[in-house]
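All remarks here apply to the structure that follows.
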Amino acid sequence: MQLSNNILGVVLVLAIAGTVVGLLRLPFIRNQVRKLAYRMTSPLRTQSLRKAIADADADKQKTKRKNIVVFNSDTQQFETVQKKQLKQAVKSKAVKSLDWDRVKHIEKKALYATQ
59 MQLSNNILGV VLVLAIAGTV VGLLRLPFIR NQVRKLAYRM TSPLRTQSLR KAIADADADK
119 QKTKRKNIVV FNSDTQQFET VQKKQLKQAV KSKAVKSLDW DRVKHIEKKA LYATQ
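To convert, count from 1 in the sequence shown and add 58; that's our numbering.
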């Protein structure tokens, strides 16, 4: 009797999970889930961008060097990078995948740059 209740519970959980996965594959529900996820992450990205801009301005005041704000896709956050450090990384070949074309691309895609 106990074994059949356990099996029935497992079957019920699998049926519910299958129904949820099936519903998520429907375009209408999938789009609603995407909108909800975007609505939840949008304020976090905005907050991250504001913080990075403030950090760039503070670093500019302190070091008098130009800064850019870029999006780090690994951490999903906006970060402040000094232009001079980017160029030094290319010259020293510290990062093998970083070359002058990549630096120009990063500078072009930067969302904010101090003067």
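Where is the CB? At the ideal position from N, CA and C, for every residue including glycine.
Counting only the same chain and skipping the five closest in sequence on each side, list residues whose C-beta sits under 6 Å from that of residue i.
i, result
"F136", "S106, L107, A110, V127 and F129"
"S100", "none"
For residue i, which three-state DSSP category applies?
i, result
"T138", "strand"
"A152", "coil"
"A116", "helix"
"T133", "coil"
"L81", "helix"
Any heavy atom of the ligand PLP within a distance shorter than 6 Å of the CB on residue i?
i, result
"A168", "What this structure holds is no ligand at all, so the ligand PLP is not there to describe."
Where does the unbroken alpha helix (DSSP H) through residue i begin, and where does it stop?
i, result
"V127", "Run containing V127: none in the alpha helix (DSSP H); it sits in the beta strand (DSSP E), N125 to N130."
"K166", "W158 to K167"
Using a Cβ-Cβ cutoff of less than 7 Å, which residues in the same chain neighbour residue i once the five nearest sequence positions on both sides are dropped?
i, result
"T180", "This structure does not reach residue 180, given that the chain is present from 59 up to 173, and the question cannot be answered."
"V153", "A147"
"L82", "R88 and V91"
Indicate whether at least one CB of chain B lies closer than 7 Å to the CB of residue i.
i, result
"V68", "No chain B appears in the structure shown, which is made up of a single protein chain."
So what does residue i bridge to, in DSSP terms?
i, result
"A171", "I126"
Starting from the C-beta of residue i, find all residues in its chain whose C-beta is less than 8 Å away, skip the five residues before and the five after it, and write them out in chain order.
i, result
"V161", "L144, K145 and V148"
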